[in-house]
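**Student:** Sequential numbering of the sequence shown, starting at 64, is according to my numbering. By construction, the Cβ of each residue, glycine as well, lies at the ideal position given by its N, Cα and C atoms. Given the structure is predicted, the values throughout are model-derived calculations rather than measurements.
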Amino acid sequence: MRNPLRTEKIAFSLLFLATLLIVVPVGLTVVIIIQKGLPAMLNRGQAGIPAINWQFITDIPRQGMRAGGIFPAIIGTAYLVSGAIIFALPIGLMAAIYLSEYSRDNFLSRIIKLAIVNLAGVPSVVYGLFGLALFVVFFKFGASILSGSLTLGIMILPIIITTSREALESVPYSFREVSRSLGASKWQTIRHIVLPNAISGILTGTILGLGRAAGETAPILFTVAAFYLPQLPKSIFDQAMALPYHLYVISTQVPNVDEKIRYGTALVLLVLVLFMNLVAIIIRYRFRKKKKW
Numbered sequence: 064m065r066n067p068l069r070t071e072k073i074a075f076s077l078l079f080l081a082t083l084l085i086v087v088p089v090g091l092t093v094v095i096i097i098q099k100g101l102p103a104m105l106n107r108g109q110a111g112i113p114a115i116n117w118q119f120i121t122d123i124p125r126q127g128m129r130a131g132g133i134f135p136a137i138i139g140t141a142y143l144v145s146g147a148i149i150f151a152l153p154i155g156l157m158a159a160i161y162l163s164e165y166s167r168d169n170f171l172s173r174i175i176k177l178a179i180v181n182l183a184g185v186p187s188v189v190y191g192l193f194g195l196a197l198f199v200v201f202f203k204f205g206a207s208i209l210s211g212s213l214t215l216g217i218m219i220l221p222i223i224i225t226t227s228r229e230a231l232e233s234v235p236y237s238f239r240e241v242s243r244s245l246g247a248s249k250w251q252t253i254r255h256i257v258l259p260n261a262i263s264g265i266l267t268g269t270i271l272g273l274g275r276a277a278g279e280t281a282p283i284l285f286t287v288a289a290f291y292l293p294q295l296p297k298s299i300f301d302q303a304m305a306l307p308y309h310l311y312v313i314s315t316q317v318p319n320v321d322e323k324i325r326y327g328t329a330l331v332l333l334v335l336v337l338f339m340n341l342v343a344i345i346i347r348y349r350f351r352k353k354k355k356w
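#1: Quick check on tyrosine 236: buried or exposed, where buried means 16 or more other Cβ atoms within 10 Å of its Cβ?
#2: Okay, do the stretch 302–314 and the stretch 71–82 touch, 3+ Cβ pairs below 8 angstroms being the bar?
#3: Histidine 255 lies in the alpha helix (DSSP H); which residues open and close that run?
#4: Under 8 angstroms by Cβ, that's how I've got proline 124 and leucine 295 pegged, so tell me the actual separation to the nearest angstrom.
#5: Can you tell me where the alpha helix (DSSP H) holding isoleucine 73 begins and where it ends?
#6: Any idea which residues DSSP pairs glycine 131 with across the strands?
#7: Can you tell me the Cβ-Cβ gap for phenylalanine 350 and isoleucine 223, rounded? I've got them flagged as a contact below 8 angstroms.
#8: Assign alanine 303 to one of two classes, buried (16 or more other C-beta atoms within 10 Å of its C-beta) or exposed (fewer than that).
#9: Give me the Cα-Cα distance between alanine 277 and phenylalanine 238, rounded to the nearest whole angstrom.
#10: Roughly how many angstroms lie between the CA atoms of isoleucine 265 and glycine 184, to the nearest whole one?
#11: Is the CB-CB distance between glycine 211 and threonine 286 below 8 angstroms?
#12: Excluding five sequence neighbours on each side, which residues of the same chain lie with their C-beta closer than 6 angstroms to the C-beta of tyrosine 311?
#13: Taking the alpha carbon of alanine 259 as the point to measure from, which residue in Ile283, Ile95, Ser233 has its own alpha carbon closest?
#14: Restricting to runs no shorter than 4 residues, where is the alpha helix (DSSP H) found entirely within the stretch 150–196?
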């Protein structure tokens with residue numbers, strides 16, 4: 064006869080081991096990046112007290128990217144992420160509202176939902192080739208911030224649609240029934256009842272999508288990234304440097320780059336992505352506290 068307690072302990076041990084196999088490598092990676100990247104982020108201030116090395120953050124690359132800072136790459140990343148969310152959020156939210164509130168539950172709608180979920184798992188290099196063919200070549204936008212932003216926007220669109228739809232569907236159906244019984248139209252119910260109660264999930268998914276867009280290299284490699292561009296872009300049709308591609312370049316293409324510059328760039332990118340995830344957690348927590356269900 065099986066011992067339920069022993070089976071539970073074995074299952075718990077296996078689950079704990081699986082968790083360690085995921086957490087430990089990620090934790091070690093973060094520790095190594097922080098340990099080797101801090102010397103680029105900090106310098107000795109007065110009385111030997113460590114202070115933030117603003118030159119590394121606010122200066123342009125110098126000496127063939129072997130010295131100086133990463134400011135153009137930071138600004139380029141900010142432009143690309145902003146453009147991606149301006150494009151993807153309205154379209155993704157409208158698509159989610161239609162799929163969750165207006166579309167009928169039939170074979171076609173189920174196929175569309177399945178296709179959106181599958182698109183979220185498509186490798187980023189495929190999106191890069193798609194953006195190259197569509198925006199750079201077909202629409203003749205060239206390698207530019209516009210092409211890169213649209214490509215990143217399409218890449219994070221399935222994430223925004225999926226998370227927004229799940230957030231909308233998590234709102235109890237009784238809320239809709241009460242609103243409609245009081246004379247509100249369907250759109251008024253969605254706008255004033257459903258969306259406010261689903262906003263935490265929508266914002267969380269959006270920020271997580273931004274975190275992915277900020278850390279991708281392949282899409283911007285084909286559509287916007289410049290190998291070395293010390294000046295800031297002046298329009299959306301200019302090329303730009305970006306942190307992921309800049310990190311790839313100084314790690315593989317430029318010889319004799321100081322190790323602390325490579326790891327310092329990786330640390331800045333890591334902090335940027337972790338900050339976006341932290342903002343998502345805080346927003347979700349605050350909005351969930353306001354829920355009464």
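**Tutor:** Reading from the atomic positions:
#1: Counting from one through the sequence shown, the residue named residue 236 turns up at place 173. Classification for tyrosine 236: exposed.
#2: No: the two stretches stay apart, fewer than three of their Cβ pairs being nearer than 8 angstroms.
#3: As a position in the sequence shown, residue 255 is number 192, starting the count at 1. Unbroken run through histidine 255: none, as it is neither H nor E.
#4: In the sequence shown, residue 124 corresponds to position 61, counting from 1. In the sequence shown, residue 295 corresponds to position 232, counting from 1. Contact flag wrong, Cβ pair sits at about 12 angstroms.
#5: Translated into positions along the sequence shown, residue 73 becomes position 10. 67–104 is the span of the alpha helix (DSSP H), which, as asked, contains isoleucine 73.
#6: Along the sequence shown, one-based indexing puts residue 131 at 68. In DSSP, glycine 131 forms a bridge with Pro124.
#7: Sequence index remark: in the sequence shown, residue 350 carries index 287 (1-based). Sequence index remark: in the sequence shown, residue 223 carries index 160 (1-based). Not really, about 17 angstroms apart at Cβ, beyond 8 angstroms.
#8: Indexing the sequence shown from 1 puts residue 303 at position 240. Buried, because 16 or more other Cβ atoms sit within 10 Å of the Cβ of alanine 303.
#9: The residue given as residue 277 occupies position 214 in the sequence shown. The residue given as residue 238 occupies position 175 in the sequence shown. One C-alpha to the other measures close to 37 angstroms.
#10: For the purposes of this step, residue 265 is taken as residue 202 along the sequence shown, with counting starting at 1. For the purposes of this step, residue 184 is taken as residue 121 along the sequence shown, with counting starting at 1. So the alpha carbons of these two residues sit roughly 19 angstroms apart.
#11: Here residue 211 refers to the residue found at position 148 of the sequence shown. Here residue 286 refers to the residue found at position 223 of the sequence shown. Result yes, Cβ atoms of glycine 211 and threonine 286 sit closer than 8 angstroms.
#12: Mapped onto the sequence shown, residue 311 falls at position 248. Contacts found: Thr280.
#13: Taking the sequence shown and counting its residues from 1, one reaches residue 259 at position 196. The question names alanine, but residue 259 is proline in the sequence shown. Answer by Cα proximity: Ser233.
#14: 170–182, 187–194
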